[in-house]
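Asker: Below is a structure I'd like to ask you about.
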Amino acid sequence: MNLKESIEKELKAVFFSLFDHKIDEKDFLQPTRKEFSGDYTFVVFPYLKYTRQKPEDAGKRIGEKLIENSQWVDRFNVVKGFLNLNIKPSVWLDRFHQIFHEEDYGFLPPNKQKVVVEYSSPNTNKPLHLGHLRNNFLGYSVSQILDAGGFEVEKVNLVNDRGIHICKSMLAYQKFGNGETPGSSGIKGDHLIGKYYVRFDKEYKKEIDGLVQNGTGKEHAEKEAPILLEAQQMLKKWEENDSEVVGLWKTMNGWVYEGFDATYSRMGVSFDKYYYESETYLLGKAIVDEGLEKGIFYKKDNGSVWVDLSDEGLDEKLLLRADGTSVYMTQDLGTADLKYKDFQFNQSIYVVGNEQDYHFQVLFLILKKLGRNYAGGMHHLSYGMVDLPAGKMKSREGTVVDADDLMNEMAETARRHTEELGKIDGFTEEQALDLYETLALGALKFFLLKVDPKKRMLFNPEESIQFHGNTGPFIQYTHARIAAIVRKAEQLEIDYQSFDVKQIDNLEDAVLSVFFLLNKFPDIIQEAASNYAPSVVAQYAYDLAKEYNRFYTEISIFGEPDDNLLKFKVAFSYAVARTIKTSMGLLGISVPERM
RNA sequence: GGUCCUGUAGCUCAACUGGAUAGAGCAACUGCCUUCUAAGCAGUAGGUUCCAGGUUCGAGUCCUGGCAGGAUCACCA
Numbered sequence: 001m002n003l004k005e006s007i008e009k010e011l012k013a014v015f016f017s018l019f020d021h022k023i024d025e026k027d028f029l030q031p032t033r034k035e036f037s038g039d040y041t042f043v044v045f046p047y048l049k050y051t052r053q054k055p056e057d058a059g060k061r062i063g064e065k066l067i068e069n070s071q072w073v074d075r076f077n078v079v080k081g082f083l084n085l086n087i088k089p090s091v092w093l094d095r096f097h098q099i100f101h102e103e104d105y106g107f108l109p110p111n112k113q114k115v116v117v118e119y120s121s122p123n124t125n126k127p128l129h130l131g132h133l134r135n136n137f138l139g140y141s142v143s144q145i146l147d148a149g150g151f152e153v154e155k156v157n158l159v160n161d162r163g164i165h166i167c168k169s170m171l172a173y174q175k176f177g178n179g180e181t182p183g184s185s186g187i188k189g190d191h192l193i194g195k196y197y198v199r200f201d202k203e204y205k206k207e208i209d210g211l212v213q214n215g216t217g218k219e220h221a222e223k224e225a226p227i228l229l230e231a232q233q234m235l236k237k238w239e240e241n242d243s244e245v246v247g248l249w250k251t252m253n254g255w256v257y258e259g260f261d262a263t264y265s266r267m268g269v270s271f272d273k274y275y276y277e278s279e280t281y282l283l284g285k286a287i288v289d290e291g292l293e294k295g296i297f298y299k300k301d302n303g304s305v306w307v308d309l310s311d312e313g314l315d316e317k318l319l320l321r322a323d324g325t326s327v328y329m330t331q332d333l334g335t336a337d338l339k340y341k342d343f344q345f346n347q348s349i350y351v352v353g354n355e356q357d358y359h360f361q362v363l364f365l366i367l368k369k370l371g372r373n374y375a376g377g378m379h380h381l382s383y384g385m386v387d388l389p390a391g392k393m394k395s396r397e398g399t400v401v402d403a404d405d406l407m408n409e410m411a412e413t414a415r416r417h418t419e420e421l422g423k424i425d426g427f428t429e430e431q432a433l434d435l436y437e438t439l440a441l442g443a444l445k446f447f448l449l450k451v452d453p454k455k456r457m458l459f460n461p462e463e464s465i466q467f468h469g470n471t472g473p474f475i476q477y478t479h480a481r482i483a484a485i486v487r488k489a490e491q492l493e494i495d496y497q498s499f500d501v502k503q504i505d506n507l508e509d510a511v512l513s514v515f516f517l518l519n520k521f522p523d524i525i526q527e528a529a530s531n532y533a534p535s536v537v538a539q540y541a542y543d544l545a546k547e548y549n550r551f552y553t554e555i556s557i558f559g560e561p562d563d564n565l566l567k568f569k570v571a572f573s574y575a576v577a578r579t580i581k582t583s584m585g586l587l588g589i590s591v592p593e594r595m
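Letter 240 of the first sequence, counting from 1, is numbered 240 in our numbering, and no numbers are missing.
Now the structure itself:
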């Protein structure tokens, strides 16, 4: 039982003895707001019908009775109907002692549940951009958080490696590539393929213009442009397993994967399993048959298969084309089954942009109708678009922020800032570059993760990434400061682990607020895990760093004359640094020892 | 047009799922480096929480109706 629950139990007993009513609610204490004195607050208002007195009086009576023989609470104050409880400093100190010696502090015990997190899921016809960054950072962070929350996590990447888009790149390459390779051109594989995707679009537009000038209608021209027909032809050949087309496809996808691997590794994300649509796109047809047999789906005259979800307030949805080929939904039905077969998950998370909200609503509903018992554990972690000041990003129009470019710019900005501050004296070149990378990725990840995923966000390349205030580097800086303290303590051979809480009787406010935050770390992980919410962790890491910095500037550590207090202050700082490191780790952000 | 999401300080975001005087950061202004890292700390200023009703001891939060922005409603993925 944790501290809060212990107090709730005591308070329940007191309330019962005074008013002869058992409080049924769980979790009825809340943290006291900053402006008031106290640690936890009991709101009396909801219980007025049992107390039958003015809220102030009831609060006072409960408070008095509670502190008579409470193990935990020694003071209280009442403001209107709010009973604020102060926990005994000695209790905080004991709690801190416990926390300090728990190596994995904050992590929840294994819960025997398995969760699959699918994220990233790139197309192989172009490099990753800013939108993918949000997806990847979210997916990776949620995986880390669920892992800390006691789940067994499988990170999965479903690569969209087939279809008309990749044929467009292949065709343009065939026509204009002159045998260029990543090696010969010095261009990273995914960027090289992206180059030909753009080239295709250019030629395609040219042909449309030509057709329109010769009197063809625009819509017709868009469908009939020879290069598009050629790409469609290529897709057909691919599906027929034409060796030349498949060979080119393999080569070009290989280049893309090399490029992606480099980008993923720099982003610090990874996967336990890859699925490829080229291998899964035919799945799901059996499920269509199953649905027809069960009478959940129906066939139209032309042979196409549909599901009618109008009873659930949705539309009719196509599941199989008249020519018997699959659509996106067909594949996703099949892949859902495949994932379950592979992992027997309790939960399956899809990190996918909010433009597919409707798709997943339909997908989950169909699986439920089909009687898949795993369907209840599925969740679409939907996130909003990242917009630029100029508006929406469009890959074909060149208005995207490329992921590799952005990381380069960030590292460059980090270098400039650091050099201006003269902070790299004594760093080797390698250490300095390492630091820039840590700061760049820290700033970027924190910026993207501190916001509620549902919200679309504006990214202004010049202004969005800061190194001050509510940012990744601010938290990293706090960690580096503490690391310096710990280094110094070790140099001075201070055995800070041996501090004795029994000898401490007076604690500064700043220390108590940090205790409160440290104590709540497991709850934060719990909350973040059940809501798939990295932003909760980001907010926490910031609060902790902020609060510690208050302590840091107000209180001298090595100026402390009392030997035991000195040890305690170092240990206290150490515990904060460790918790900062852990919580940032849950966001996929590493923290430097020096900066 | 139907459905879903969003709307909070000039800007970017919080608000423990219905609690107190709505909080941070950026930008602006004022202080604090001979001390363990000033990428920091303290302070000032900034609000009709899009609007109108309703529910109740209490609403940024829940309900109804509007307004604004976005997404989606393809034999695309």
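Note that CB positions come from ideal geometry on N, CA and C, so glycine has one too. Quick caveat, the model's predicted, so the values are computed rather than measured.
#1: To the nearest angstrom, how far is the alpha carbon of Met1 from that of Ile7?
#2: Decide if Asp209 is buried, meaning its Cβ has at least 16 other Cβ atoms within 10 Å, or exposed.
#3: Per the DSSP calculation, Arg75 is bridged to which residue(s)?
#4: Are Pro182 and Trp255 touching if we call contact CB-CB under 8 Å?
#5: What residue range does the beta strand (DSSP E) around Pro461 cover?
#6: Would a C-beta distance cut-off of 8 Å place Gly442 and Gln476 closer than the cut-off?
#7: Touching or not, the region 99-119 and the region 154-172, by the rule of three or more beta carbon pairs under 8 Å?
#8: To the nearest angstrom, report how far apart Ser513 and Leu435 are at their CA atoms.
#9: Taking Lys300 and Leu309 to be in contact with their CB atoms under 8 Å, please state how far apart those CB atoms are, rounded to whole angstroms.
#10: Quick test of the definition: if touching needs 3 or more C-beta pairs under 8 Å, does the region 402-415 touch the region 257-274?
#11: By the three-class DSSP mapping on this structure, what secondary structure does Thr32 have?
#12: Got a sec, what are the start and stop residues for the alpha helix (DSSP H) Gln491 sits in?
#13: Taking one C-beta from the region 348-360 and one from the region 272-282 each time, how about it: are there three or more such pairs within less than 8 Å?
#14: DSSP state of Ile504, grouped into three classes?
#15: Mind checking whether Met410 and Ala440 have CB atoms under 8 Å apart?
#16: Take the Cβ of Pro110 as the centre, count every other Cβ of all protein chains shown within 10 Å, and call the residue buried at 16 or more, exposed below.
#17: Please check the pair Glu277 and Gln232, which I expect to be a contact at CB under 8 Å, by giving their CB distance rounded to whole angstroms.
#18: Sort out for me which residues DSSP pairs Ser382 with in a bridge.
#19: Three or more C-beta pairs under 8 Å: does that hold for the region 32-39 against the region 79-93?
#20: Is it buried or exposed, Ser184, if we count other Cβ atoms within 10 angstroms and call 16 or more buried?
#21: How would you write the range of the alpha helix (DSSP H) that Asp57 sits in, first residue to last?
#22: Go ahead and label Gln213 buried or exposed: buried means 16 or more other beta carbons lie within 10 angstroms of its beta carbon, across all protein chains shown.
#23: Look up Thr41 in the DSSP assignment and say whether it is helix, strand or coil.
#24: Flag this pair as yes or no: are the beta carbons of Thr582 and Gly106 separated by less than 8 Å?
#25: Mind checking His129: buried by the 16 CB within 10 Å criterion, or exposed?
#26: Measuring alpha carbon to alpha carbon, tell me which residue in Phe260, Arg199, Arg162, Thr263 is nearest Lys237.
#27: Please determine, among Asn77, Gly139, Lys168, the residue with the shortest C-alpha to C-alpha distance to Ser348.
#28: How big is the Cα-Cα spacing for Leu448 and Ala533?
#29: With distances taken from CA atoms, which of Arg52, Ile482, Lys445 is nearest Thr471?
#30: To the nearest angstrom, how far is the alpha carbon of Tyr257 from that of Ser143?
#31: Gln98 and Glu152 - do their beta-carbons sit closer together than 8 Å?
#32: Could you please give the first and the last residue of the uninterrupted beta strand (DSSP E) stretch that includes Asp308?
Answerer: From the atom records:
#1: Their backbone Cα atoms lie some 10 Å apart in a straight line.
#2: Classification for Asp209: exposed.
#3: Arg75 has Asn86 as its beta-bridge partners, per DSSP.
#4: Yes, the Cβ-Cβ distance between Pro182 and Trp255 is below 8 Å.
#5: Taken as a continuous stretch (DSSP letters only), Pro461 belongs to no beta strand (DSSP E), as it is neither H nor E.
#6: Cβ atoms of Gly442 and Gln476: closer than 8 Å.
#7: By the Cβ test, the region 99-119 is in contact with the region 154-172, since at least three Cβ pairs between them sit closer than 8 Å.
#8: In this model, Ser513 and Leu435 are separated by some 31 Å (Cα to Cα).
#9: Wrong, their Cβ atoms sit about 16 Å apart, outside the cutoff.
#10: The answer is yes - the region 257-274 touches the region 402-415, with three or more Cβ pairs under 8 Å.
#11: In the structure shown, Thr32 sits in coil (DSSP, three-state: anything other than H, G, I, E or B).
#12: First-last of the alpha helix (DSSP H) with Gln491: 472-491.
#13: Counting Cβ pairs under 8 Å, fewer than three are found: no touch.
#14: Ile504 falls in the coil class under three-state DSSP.
#15: Yes, they are a contact pair.
#16: So Pro110 counts as exposed.
#17: Under the criterion of beta carbons closer than 8 Å, Glu277 and Gln232 do not qualify as touching, at roughly 18 Å.
#18: Paired residues: Val352.
#19: The answer is yes - the region 79-93 touches the region 32-39, with three or more Cβ pairs under 8 Å.
#20: Its Cβ having fewer than 16 others within 10 Å, Ser184 is exposed.
#21: Counting along the chain, the alpha helix (DSSP H) containing Asp57 begins and ends at 55-68.
#22: Gln213 sits exposed, since fewer than 16 C-beta atoms from the chains shown fall within 10 Å of its C-beta.
#23: Note: Thr41 maps to strand in three-state DSSP.
#24: Judged by beta-carbon spacing, Gly106 lies within the 8 Å limit of Thr582, meaning their Cβ atoms are closer than that value.
#25: Buried, since its Cβ has 16 or more Cβ neighbours within 10 Å.
#26: Per the Cα distances, Arg162.
#27: Across the set Asn77, Gly139, Lys168, the C-alpha of Gly139 shows the shortest separation from the C-alpha of Ser348.
#28: Whole-angstrom Cα-Cα distance: 12 Å.
#29: Ranking Arg52, Ile482, Lys445 by Cα distance to Thr471 puts Lys445 first.
#30: About 22 Å.
#31: With respect to the 8 Å criterion, Glu152 and Gln98 are not classified as neighbours on the basis of their beta carbons.
#32: Start and end: 305-308.
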